[in-house]
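Chains as they are written, first to last, in the numbering used here: chain A, -12 to 249; chain B, -12 to 249; chain C, -12 to 249.
As structure tokens, the structure follows; a few thoughts come after it.
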Amino acid sequence: YASNGNTKALNSAEEELWITIRQEASDIVSEESFLSKHLNIYILCHGSLEHALGFLLANKLASSTLNSDDLYSIFLDALRSSRKLIESIYADLKAIKEKDPACTSYCHCILNFKGFQACQSYRVSHYLWGRGRKTLACVLQSRISEVFDVDIHPAAKIGKGVLFDHATGVVIGETAVVGDNVSILHGVTLGGTGKQGGDRHPKIQDGVLIGAGASIIGNVIVGEGAKIGAGAVVLMDIPSKTTAVGCPARLVGSRNNPSKLK
Amino acid sequence: YASNGNTKALNSAEEELWITIRQEASDIVSEESFLSKHLNIYILCHGSLEHALGFLLANKLASSTLNSDDLYSIFLDALRSSRKLIESIYADLKAIKEKDPACTSYCHCILNFKGFQACQSYRVSHYLWGRGRKTLACVLQSRISEVFDVDIHPAAKIGKGVLFDHATGVVIGETAVVGDNVSILHGVTLGGTGKQGGDRHPKIQDGVLIGAGASIIGNVIVGEGAKIGAGAVVLMDIPSKTTAVGCPARLVGSRNNPSKLK
Amino acid sequence: YASNGNTKALNSAEEELWITIRQEASDIVSEESFLSKHLNIYILCHGSLEHALGFLLANKLASSTLNSDDLYSIFLDALRSSRKLIESIYADLKAIKEKDPACTSYCHCILNFKGFQACQSYRVSHYLWGRGRKTLACVLQSRISEVFDVDIHPAAKIGKGVLFDHATGVVIGETAVVGDNVSILHGVTLGGTGKQGGDRHPKIQDGVLIGAGASIIGNVIVGEGAKIGAGAVVLMDIPSKTTAVGCPARLVGSRNNPSKLK
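Here it is, written out as structure tokens:
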């Protein structure tokens, strides 16, 4: 298969992960029979992670006016068409399992983490936005906000290996860009100043960690590997590998000579 | 019609807005057939904005024990009886379309913005509260908090032309007063100190902007046109046309000589 | 009955409270016929608070793959088996009625306060966690976060007489401990630093009040009766009966000589 094409072909690490997920699901069913229907419908009756995840998200985002079968085929279509989407989902799963001490299995993440579910739903809305289906993308954004309490504009760009931990209250604006391997806690805002239209939201580089309730406002850059403390309000560029805390945020160390993280 | 009476009569600008909304809905159906049922049920099959909005809100707030048809007739009854309610809805719609760069159409706002939906639901609960149906008003408040993540006490007073942007986590207490043309971002609290009962919540005057995650606590006044920064914690009166930032909040400029906004 | 055993026997104060709740429900039905079905299904058709609450929570947390009847029997089983669970529920109800000026009746709290509902659901998940049913406990945690916007790890320990006011966005981590008679406003985080596994979350002693949007991060102790201001970010131990405000938080008074609360 072509790793950079638009193909749904999986590499062997991805195929192995799906086998692991099925094994986890079977183990749960053996140990907790009450969850048998839950695990069967969401994991075990599906032939691939793409089918399982597409079904789960469609099921959660459906409503009396948005048919779940139709949503499922929209989700599957996106997941089958974009190699980048697939890679992002697998990278997210691995990052969450690795970084979050409360994540005890892949299955737990897929079934129980609304941050993961919201992020993958956003990825589909972003795919639709990029193909001109903007109205549908916005309807999905709205349902994601209602169901998962996470409001990500479908035009925002988010890399892979991203962890949205707890996730309630996250808001990410239209022109925000988030790099790879970023961790974003609940209550985080990547917002605009409200003074202008156009490119008005933050650019978050690779490996950044943003603590609970932090707000990053305006078209500012948070450099690679920087850490933003819980509750910080960031209104300026943050150099890479530095830490910003406080409201308004200041660099730990000093602005001209900030403490660099090792 | 009488602009200050309790009549549902619409003025011509309001009638025109409904025609625009229907046109937007038809355009969406032509372009995205998946949304045809969604738009028909929520917009196109209704004869007026009041019917459409009443139906949409009743549908979203209904539950296994709160019948959607009965809720619909409660909503319609409120919308038919109060000219003030109708004026507020139209003013909110116009303000959101004007102020929020992400709001591309009235239809988008009505269907997708949980801040708008929560605010209009609150307006009905406030109407019911004022007519002595306090228990029902509180049941609605609870459903609004569950469905839209916005918790506004039905006794709170909120003016018209108000924008609740993103809206997750907003809390507005029983004796709070919010003026006209106020913008309130997600995560904002207009709360009490917990030390006392009675009149214990903030008074927000016309044209104020309150940034994401800001908390305004106690019976303080935020003067006309003031701006409260993201994450600010306001425990004192804020003069009109000034900006307050930080935790606890201080005025930009100085307290005795704050920078006035132009 | 044995007050310290695992028995469901109620004391007379608890039995009296249930009679009061039923009376409140009857009064509501007389005054607001629209709520007749709501009150009958959630309160009046049940023989005890345990049955009523178990049914209500099961009903709200059920989904297309989690059967409400099965959930109901899991909830009832927990409520019947643990005297501690029962005592906590009654103590929570009394504390909320006493402390929250917006809580006009026990019935209002049970039916309408998602903080109360989330807390009692967490108590059941904690019971299941303690009996080795960890996967089921985590599935409940996830549903509680989706439905009530409150994310409490089932391993966290929470005392009795606790008020979660408004509740949207509350996050409490795996190794957090919360004492008796604590009040926690919406948007509060009891989180980890992300730097380590193991015992990594705050210990909140009896009688603490934590304001809206405050974050307490790391394995720190907040001493008995301390107050944490809205939006405060607490990264250090807080002595008992002191107040901490700001981001990062400092003690009111001074660190070595903080103002003691009377």
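Ideal Cβ positions, reconstructed from N, Cα and C, are used throughout, including at glycine.
Option nearest residue i by Cα separation, candidates the options
i              : options                           : result
A142 (chain B) : B:C96, B:I61, B:V134 and B:G119   : B:G119
I30 (chain B)  : B:A49, B:L48 and B:T7             : B:T7
C195 (chain B) : B:I208, B:Y77, B:S170 and B:D57   : Residue identity check: residue 195 (chain B) is Val in the sequence provided, not Cys. The shortest C-alpha separation from V195 (chain B) is found at B:S170.
L251 (chain A) : A:L43, A:T155, A:L53 and A:Y77    : With chain A covering -12 to 249 only, the question about residue 251 (chain A) has no answer from this structure.
G156 (chain B) : B:S(-1), B:P245, B:S69 and B:G174 : B:G174
K121 (chain C) : A:R9, A:D14, A:S246 and A:N(-2)   : A:D14
I28 (chain C)  : C:G212, C:K247 and C:I97          : C:I97
Cα-Cα separation between residue i and residue j, rounded to whole angstroms
i                : j               : result
P226 (chain C)   : E3 (chain A)    : 51 Å
A82 (chain C)    : G148 (chain C)  : 5 Å
V220 (chain C)   : P189 (chain A)  : 23 Å
D87 (chain A)    : L150 (chain A)  : 8 Å
D136 (chain B)   : D136 (chain A)  : 8 Å
K228 (chain A)   : N206 (chain A)  : 19 Å
I203 (chain B)   : G218 (chain C)  : 10 Å
E19 (chain B)    : H38 (chain A)   : 24 Å
A(-11) (chain A) : A(-4) (chain A) : Because the pLDDT of A(-11) (chain A) is 36, which lies under 50, any placement of that residue in the model is unreliable, and the number read from its coordinates should be weighed accordingly. Taking the straight line joining both Cα atoms gives about 8 Å.
D186 (chain C)   : K214 (chain A)  : 22 Å
E74 (chain A)    : R67 (chain A)   : 12 Å
G117 (chain B)   : V16 (chain C)   : 19 Å
N(-9) (chain A)  : L72 (chain A)   : Summary for N(-9) (chain A): the model assigns pLDDT 39, below 50, so the residue's position carries little reliability; its value from the coordinates is reported in the next sentence. Roughly 11 Å between the two C-alpha positions.
A124 (chain A)   : Q183 (chain A)  : 23 Å
P235 (chain A)   : C90 (chain B)   : 28 Å
H140 (chain B)   : D56 (chain C)   : 33 Å
N244 (chain C)   : G240 (chain B)  : 31 Å
G233 (chain A)   : D224 (chain A)  : 15 Å
R9 (chain A)     : R110 (chain A)  : 23 Å
T(-6) (chain C)  : I76 (chain C)   : Low confidence applies here, because T(-6) (chain C) scores a pLDDT of 45, under 50, leaving its location unreliable; read the following figure in that light. Using only the alpha carbons, I get a separation of about 14 Å.
N168 (chain A)   : F103 (chain A)  : 14 Å
T162 (chain C)   : T176 (chain B)  : 28 Å
N(-2) (chain B)  : G212 (chain B)  : 29 Å
S246 (chain C)   : I208 (chain C)  : 18 Å
Residue-level contact to chain B via CB, residue i, 7 Å cutoff
i               : result
N(-9) (chain C) : Unreliable positioning characterises N(-9) (chain C) in this predicted model, as indicated by a pLDDT of 38, which lies under 50. A coordinate reading is not provided.
V158 (chain A)  : yes
D136 (chain C)  : yes
V239 (chain A)  : no
D56 (chain A)   : no
K190 (chain C)  : no
CB-CB length for residue i against residue j, believed under 8 Å
i              : j              : result
S112 (chain B) : N46 (chain C)  : At roughly 22 Å, the Cβ-Cβ gap does not stay under 8 Å, so S112 (chain B) and N46 (chain C) are not in contact.
H153 (chain B) : D138 (chain A) : 5 Å
A201 (chain B) : G181 (chain B) : Not a contact, Cβ separation roughly 18 Å.
G178 (chain C) : V158 (chain C) : 6 Å
L22 (chain A)  : V164 (chain C) : Not really, about 28 Å apart at Cβ, beyond 8 Å.
I145 (chain C) : A105 (chain C) : About 11 Å; that fails the 8 Å criterion.
E1 (chain C)   : S92 (chain C)  : Between S92 (chain C) and E1 (chain C) the Cβ distance is about 17 Å, and since that is not below 8 Å, they are no contact.
L172 (chain C) : G198 (chain C) : 5 Å
E133 (chain C) : K101 (chain A) : 6 Å
S69 (chain C)  : Y114 (chain C) : 6 Å
Min CB distance residue i to chain A below 7 Å
i              : result
C234 (chain C) : yes
G184 (chain C) : yes
G178 (chain C) : yes
A12 (chain B)  : no
T122 (chain C) : yes
S112 (chain C) : no
Test item: CB-CB of residue i and residue j under 7 Å
i              : j              : result
Q192 (chain C) : G166 (chain C) : yes
A231 (chain C) : L238 (chain C) : yes
L40 (chain C)  : W5 (chain C)   : no
S129 (chain B) : N99 (chain C)  : yes
L58 (chain C)  : A65 (chain C)  : no
L53 (chain C)  : H33 (chain A)  : no
CB contact below 7 Å: residue i versus chain C
i              : result
G212 (chain B) : no
T230 (chain B) : no
S23 (chain B)  : no
I171 (chain A) : no
P88 (chain A)  : yes
Residue-chain proximity (residue i, chain D), Cβ-Cβ < 7 Å
i             : result
T52 (chain A) : This model lacks chain D altogether, as its protein chains are A, B and C.
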